[in-house]
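Take any residue in the sequence shown, note its place counting from 1, add 2, and you have its number in this note's numbering.
Every residue gets a Cβ at the ideal spot worked out from N, C-alpha and C, and that includes glycine.
All of these numbers come straight from a predicted model, not from anything done at the bench.
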Amino acid sequence: MKSVTLFCGARLEKKEYEIVADEFCEWIIRNQLQLVYGGGSTGVMGYVAKKVVAAGLPVVGVIPEKLVKLEVAYQGCTELIIVNTMHERKQIMADRADSFIALPGGFGTLDEICEIITWKQLKIHDKPIGFLNGNGYFDGFYQFAQHGVKEGFISAADLAAIQWLKNMNQFVWN
Numbered sequence: 003m004k005s006v007t008l009f010c011g012a013r014l015e016k017k018e019y020e021i022v023a024d025e026f027c028e029w030i031i032r033n034q035l036q037l038v039y040g041g042g043s044t045g046v047m048g049y050v051a052k053k054v055v056a057a058g059l060p061v062v063g064v065i066p067e068k069l070v071k072l073e074v075a076y077q078g079c080t081e082l083i084i085v086n087t088m089h090e091r092k093q094i095m096a097d098r099a100d101s102f103i104a105l106p107g108g109f110g111t112l113d114e115i116c117e118i119i120t121w122k123q124l125k126i127h128d129k130p131i132g133f134l135n136g137n138g139y140f141d142g143f144y145q146f147a148q149h150g151v152k153e154g155f156i157s158a159a160d161l162a163a164i165q166w167l168k169n170m171n172q173f174v175w176n
C-alpha cells in the first residue's frame, strides 16, 4: 500500500478549509492510501486523520512528546509514534512516505514541507511533492518561489519539481 505524508495545520478556523481537507480525504480514500501525518487530533490534521480512520484506512501519527498535550495526540491512529524532537518527527514522516502533500497550515507546515523540498533538491529523496492550493491559500508562497527563480536563488527545475495542485486529481506519482 502506498503512503502519503501530509503536512497541514493544527488549527482549522474557517469552513472553506474543511472543503479543501475533504477533497484530500476523498482522494486518499479513493486511492486506498496510508496516511502519515503529525499525530494531532486538532485542526486540519485531526480533521483529516479522523475521516481516514473512519474509512478504515491505516493512519500513522508521529508526534513529539512536547506536543502530545498541546495538539492532543489522536489516539485513534492505527499507529501513534511518540518521538523526542521535531527532527525525529520529520525524519520518520519522510521515511514512511511515498509522496508528500501540503494542505493549508502555518509556520510548522511550511517548515516541514520546505525541508522535504530541500531534501529533494539535495537528492536525498525523489518522491513527489504537492501543494493542494485550495482557496488560493498557497498563492503567496508560489509567488515567493517564482521570485526566488527570477532572482537566481531557486532553480526553475527545482520549482517545476513541485506540483501546485488546484485539485487532487492533478497529482502525479513518479
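Per DSSP, residue i is paired with what?
i	result
residue 7	38 and 102
residue 66	85
residue 75	42
residue 167	134
residue 61	37
Among the options, whose alpha-carbon lies nearest the alpha-carbon of residue i?
i	options	result
residue 124	159, 152, 135 and 105	159
residue 67	90, 79, 47 and 37	90
residue 134	147, 102, 118 and 110	102
residue 78	85, 39 and 93	39
residue 161	108, 106, 138 and 118	118
residue 136	172, 12, 116 and 121	172
residue 57	65, 7 and 28	28
residue 3	48, 61 and 49	61
residue 47	83, 97, 104 and 84	104
residue 110	84, 153 and 69	69
Residue i to residue j, Cα distance in whole Å?
i	j	result
residue 15	residue 41	19 Å
residue 45	residue 169	20 Å
residue 35	residue 99	11 Å
residue 10	residue 24	13 Å
residue 80	residue 93	19 Å
residue 86	residue 55	25 Å
residue 130	residue 71	32 Å
residue 145	residue 5	29 Å
residue 17	residue 37	22 Å
residue 106	residue 148	19 Å
residue 43	residue 12	8 Å
residue 165	residue 108	19 Å
Looking at the ligand FAD, does it come within less than 7 Å of residue i, judged from the CB to the closest heavy atom?
i	result
residue 4	No copy of the ligand FAD occurs in the structure displayed, which carries no ligand at all.
By a C-beta neighbour count over all protein chains shown, 10 Å radius and 16 as the cutoff for buried, is residue i buried or exposed?
i	result
residue 26	buried
residue 174	exposed
residue 126	exposed
residue 51	buried
residue 75	buried
residue 132	buried
residue 7	buried
residue 140	buried
Between residue i and residue j, which are expected to be in contact by the criterion C-beta below 8 Å, what is the C-beta distance as a whole number of angstroms?
i	j	result
residue 31	residue 59	7 Å
residue 95	residue 64	5 Å
residue 122	residue 128	7 Å
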